[in-house]
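These notes are about the structure you will find just below.
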Amino acid sequence: MQQDIFLALHGPHSRSIVVQFVQTALGYGYKNIIISKASGSAATAGIPEASKIAFPQSATLLIVGNISDAINLVDPKHVYLIVSRRYSTEKLDFDSVRSHVGQENKILFVFGGSSPGLSRRDMDLGKACHITWANEEIAPIAYLGIILDRLGMEKTSM
């Protein structure tokens with residue numbers, strides 16, 4: 768399952784968010800990680816540190832200029848952009864995501880790396896979704912952990 772899923776962090780400015788994103792993904796066994804449009808300490812310190820973490824675990828750490836580049840390189844069948852409930856009426860359907868995995872379908876999840884997150888233009892590149900019960904904006908690392916945990920669980924309705 769993990770080999771079909773790609774996790775992208777878009778627009779981070781902070782070194783720590785890049786490192787935490789990579790550590791969380793690897794901790795759940797996901798090794799296809801993308802950092803898009805990094806700037807500031809995310810670009811100068813976060814990416815090199817994340818590379819040192821990813822390399823010994825044989826993870827792929829792809830650095831791209833924007834989400835479109837990631838989509839063009841990975842060529843996913845499904846793109847889910849994770850946003851807060853106020854920006855999307857569509858909830859993430861974990862059973863639907865699981866049903867796409869393992870059928871030669873690549874899935875790309877995109878998380879906003881800094882406030883305000885993903886732009887409307889970014890959200891037009893795939894399906895903008897939220898986690899039903901998350902009323903307020905939570906950190907991208909929290910979204911990542913929740914989603915990866917739920918994907919690892921047996922099929923249950925949320």
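In this note's numbering, the protein residues as written are 768 to 925. Even for Gly, the Cβ is constructed at its ideal location relative to N, Cα and C.
query: Look up His-777 in the DSSP assignment and give the residues it is bridged to.; result: Ser-803 and Gly-879
query: Quick one: using the 10 Å Cβ neighbour count with 16 as the cut-off for buried, is Phe-822 buried or exposed?; result: exposed
query: Closest to Ser-856 by C-alpha separation, out of His-780, Ser-806, Leu-875 and Cys-896, would be which residue?; result: The sequence given here has Thr at residue 856, not Ser. For the residues His-780, Ser-806, Leu-875 and Cys-896, the minimum Cα distance to Thr-856 belongs to Cys-896.
query: Give the DSSP-derived three-state secondary structure of Val-868 in the structure shown.; result: coil
query: Can you check which of these residues, Ala-792, Leu-915 and Gly-778, is closest to Ser-886 by C-alpha distance?; result: Gly-778
query: How would you write the range of the alpha helix (DSSP H) that Lys-844 sits in, first residue to last?; result: Taken as a continuous stretch (DSSP letters only), Lys-844 belongs to no alpha helix (DSSP H), as it is neither H nor E.
query: Straight-line CA distance for Tyr-795 to Arg-865?; result: 16 Å
query: Under the assumption that Leu-776 contacts Pro-907 (Cβ atoms under 8 Å), give the Cβ distance between them as a whole number of angstroms.; result: 6 Å
query: Have a look at Gly-912 and Gly-919 and give me their C-alpha separation to the nearest angstrom.; result: 11 Å
query: Looking at C-alpha atoms only, which residue of Thr-791, Thr-827 and Ile-784 is the closest neighbour of Gly-807?; result: Ile-784
query: May I have the straight-line CA-CA distance separating Ile-898 from Lys-844, to the nearest angstrom?; result: 21 Å
query: Mapping the DSSP letters down to three states, classify Leu-828 as helix, strand or coil.; result: strand
query: When you compare only the Cα positions, how much space is there between Gln-787 and Gly-813?; result: 9 Å
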